[in-house]
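Chemist:
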Amino acid sequence: MAPSSKLSQGIKKASRSHAYHRRGLWAIKAKHGGAFPKAEKPAAVAEPKYYPADDVKPRKASTRKPKPTKLRSSISPGTVLIVLAGRFMGKRVVFLKQLKSGLLLVTGPFKINGVPIRRVNQTYVIATSTKVDISGVNVEKFDDKYFAREKKKKATKTEGELFDTEKEATKDLPQFKKDDQKAVDAELIKAIDAVPDLKTYLGARFSLRDGDKPHEMVF
Amino acid sequence: MVKGRQGQRVRMYVRGTILGYKRSKSNQYEHTSLLQIEGVSTKEDVAWYGGKRIAYVYKAKTKSDGTAVRCIWGKVTRPHGNSSVVRAKFRSNLPPSSMGKKVRVFMYPSSV
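Going down the list, the sequences are from chains A and B. -2 is the number of the first residue of the first sequence in this note's numbering; add one for each residue after it. 394 is the number of the first residue of the second sequence in this note's numbering; add one for each residue after it.
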């Protein structure tokens, strides 16, 4: 509704009756059978006993959703990656898929270079141009939960037993994980054997030598 | 190095030399060190190393955590000047005794 124009501070141009007509209040009244529709008052809230000391605005929950980690264009399923740090540094390893957390699912294969099915961060890896045919491998079942740590059970409190349970904490790999490794590797090794020298390549570790310049290398 | 690692030792880092601190003629700024990375000779080559992690490894007299080897971590921040010198910042400033010593420039975080 257009604001009524003012002649001066507090003095409207249109008279009260003129404004009433212009606003169409008569039409609203007629529509509702001669009286203004009254908005229902919301049920009176019982006055709280305590008010907070300061008037603080409640923080809005963040609506930001982090984007999934972008996979480097040089990395695709079957690419051979060089691990740059950690226990398996220098090992050449086959990339299987990217997990939801953004980490890369990777395997040695275990028989060839001792690297199990493992997660690796993209930034700790160099992608080579060598690719392995990975079409025969089923990696559906692997996700981040597969790699979650087993929760420790609370130890009993008697002094003697405390030391015993610490020893029990070191556990063997569960059999199903060993089976998963074999299942994934079986297909992979077939594909690797088909390519000459690829097996020895994957078994060899990468190392920098004298005179090597990584910034000039094409991987 | 992982304790008890046997077998092949691989070098996954590039060697670098610590030249000194960022400085002008009579003022030095110890929060930034200057490094010369082996094998790098031009400003364009240096760009590859931007952001890479560095470790200054040194030995101390006393053992801490079971070993006398200690390390200060840092990263390559930017090139320095028009030749291949590089600026680096470490978690704690490098000691002056580090000048002329070797530093390990790793290949991660990698973008290759």
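For glycine and all other residues, C-beta sits at the position ideal for the given N, C-alpha and C.
1. Near B:M394, what residues of its chain come up, given a Cβ to Cβ distance below 7 Å and the 5 sequence neighbours on each side ignored?
2. So, helix, strand or coil for A:K187, using DSSP?
3. Does A:F144 come out as helix, strand or coil in the three-state DSSP assignment?
4. Terminal residues of the continuous alpha helix (DSSP H) containing A:R13?
5. Let me know the secondary structure DSSP gives A:A32 once reduced to three states.
6. List the residues that DSSP assigns as beta-bridge partners of B:F483.
7. Checking contacts by CB at 7 Å: is B:M405 closer than that to chain A?
8. Please list the residues of the stretch 196 to 209 of chain A that have a C-beta atom closer than 8 Å to any C-beta atom in chain B, keeping them in chain order.
9. Within 6 Å: the Cβ of B:T470 and any heavy atom of the ligand NAP?
10. Around the Cβ of B:G409, are there at least 16 other Cβ atoms within 10 angstroms (buried) or fewer (exposed)?
11. Pull out every residue of the stretch 102 to 120 of chain A whose Cβ sits closer than 7 Å to any Cβ of chain B, in chain order.
12. According to the Cβ coordinates, are A:Q172 and A:I114 closer than 7 Å?
13. Report the three-state DSSP secondary structure of B:Y422 (helix, strand or coil).
14. Bridge partners for B:A453 per DSSP, in chain order?
15. Using 8 Å for Cβ pairs, my map puts B:V478 next to B:V469. What's the rounded Cβ distance?
16. Can you list, in chain order, the residues of its chain whose CB lies under 7 Å from that of A:D140, leaving out five sequence neighbours each side?
17. Using the beta-carbon of each residue, which ones in chain B are nearer than 9 Å to A:F216?
18. Does the structure place the stretch 175 to 189 of chain A close enough to the stretch 104 to 123 of chain A that three or more beta carbon pairs sit under 8 Å?
19. Is B:G397 close to chain A? Criterion is C-beta to C-beta, closer than 7 Å.
20. Work out the CA separation of B:P472 and B:I447 for me, nearest whole Å.
21. Pull up the DSSP beta-bridge partners for B:I447, would you.
22. Taking the alpha helix (DSSP H) that B:V439 falls in, what are its first and last residues?
23. Over the uninterrupted beta strand (DSSP E) stretch that includes B:I411, give me the two end residues.
Modeler: According to the data block:
1. Here residue 394 of chain B is taken as the residue at index 1 of the second sequence, counted from 1. Because B:M394 sits at a pLDDT of 44, beneath the cut-off of 50, its placement in the model cannot be relied upon, and the point is left open.
2. The residue labelled residue 187 of chain A in the question sits at position 190 within the first sequence. In this structure, A:K187 counts as helix in the three-state DSSP scheme.
3. Taking the first residue of the first sequence as position 1, residue 144 of chain A is located at position 147. Three-state result, A:F144: helix.
4. Locating residue 13 of chain A in the first sequence gives position 16, where the first residue counts as 1. Per DSSP, A:R13 belongs to the alpha helix (DSSP H) from R13 to R20.
5. For the purposes of this step, residue 32 of chain A is identified with residue 35 of the first sequence, where counting begins at 1. Three-state DSSP puts A:A32 in coil, outside helix and strand.
6. Position 90 of the second sequence, counted from the start, is the residue given in the question as residue 483 of chain B. Answer is B:G467.
7. Here residue 405 of chain B is taken as the residue at index 12 of the second sequence, counted from 1. Taking 7 Å as the CB threshold, B:M405 lines the interface with chain A.
8. Within the stretch 196 to 209 of chain A, the residues whose Cβ lies closer than 8 Å to some Cβ of chain B are R202, F203, S204, L205, R206, G208 and D209, listed in chain order.
9. Only the bare structure without any ligand can be found here, which leaves the ligand NAP out of the picture.
10. What you label residue 409 of chain B is simply residue 16 of the second sequence in a count that begins at 1. Label assigned to B:G409: buried.
11. Under the 7 Å Cβ criterion, the stretch 102 to 120 of chain A contributes T120.
12. The sequence position of residue 172 of chain A within the first sequence is 175, counting from 1. The sequence position of residue 114 of chain A within the first sequence is 117, counting from 1. Not in contact: A:Q172 and A:I114 (Cβ atoms no closer than 7 Å).
13. Taking the second sequence and counting its residues from 1, the one referred to as residue 422 of chain B is at position 29. It is a strand residue.
14. On the second sequence, residue 453 of chain B is found 60 positions in, with the first residue counted as 1. The partner list for B:A453 (beta bridge, DSSP) is empty, contrary to what the question assumes.
15. Translated into positions along the second sequence, residue 478 of chain B becomes position 85. Translated into positions along the second sequence, residue 469 of chain B becomes position 76. Rounded, the Cβ-Cβ distance is 11 Å, inconsistent with contact.
16. Counted from its first residue, the first sequence places residue 140 of chain A at position 143. Around A:D140: L96 and K97.
17. Residue 216 of chain A sits at position 219 when you count from the first residue of the first sequence. Ordered by position in chain B, the residues that pass the 9 Å Cβ test against A:F216 are V505.
18. Here the stretch 104 to 123 of chain A lies against the stretch 175 to 189 of chain A, with 3 or more beta-carbon pairs under 8 Å apart.
19. Counting from one through the second sequence, the residue named residue 397 of chain B turns up at place 4. The pLDDT assigned to B:G397 is 46, lower than 50, so where the model puts this residue is not dependable; a value taken from the coordinates is nonetheless given after this. Against chain A, the CB of B:G397 has no partner CB under 7 Å away; the residue lies outside that interface.
20. Numbered from its first residue, the second sequence carries residue 447 of chain B at position 54. Numbered from its first residue, the second sequence carries residue 472 of chain B at position 79. So the two alpha carbons sit approximately 15 Å from each other.
21. For the purposes of this step, residue 447 of chain B is taken as the residue at position 54 of the second sequence. Paired residue(s): B:G467 and B:V498.
22. As a working mapping, residue 439 of chain B is identified with position 46 in the second sequence. Its alpha helix (DSSP H) spans residues K436 to V439.
23. Numbered from 1 along the second sequence, position 18 holds the residue referred to as residue 411 of chain B. Counting along the chain, the beta strand (DSSP E) containing B:I411 begins and ends at Y406 to R416.
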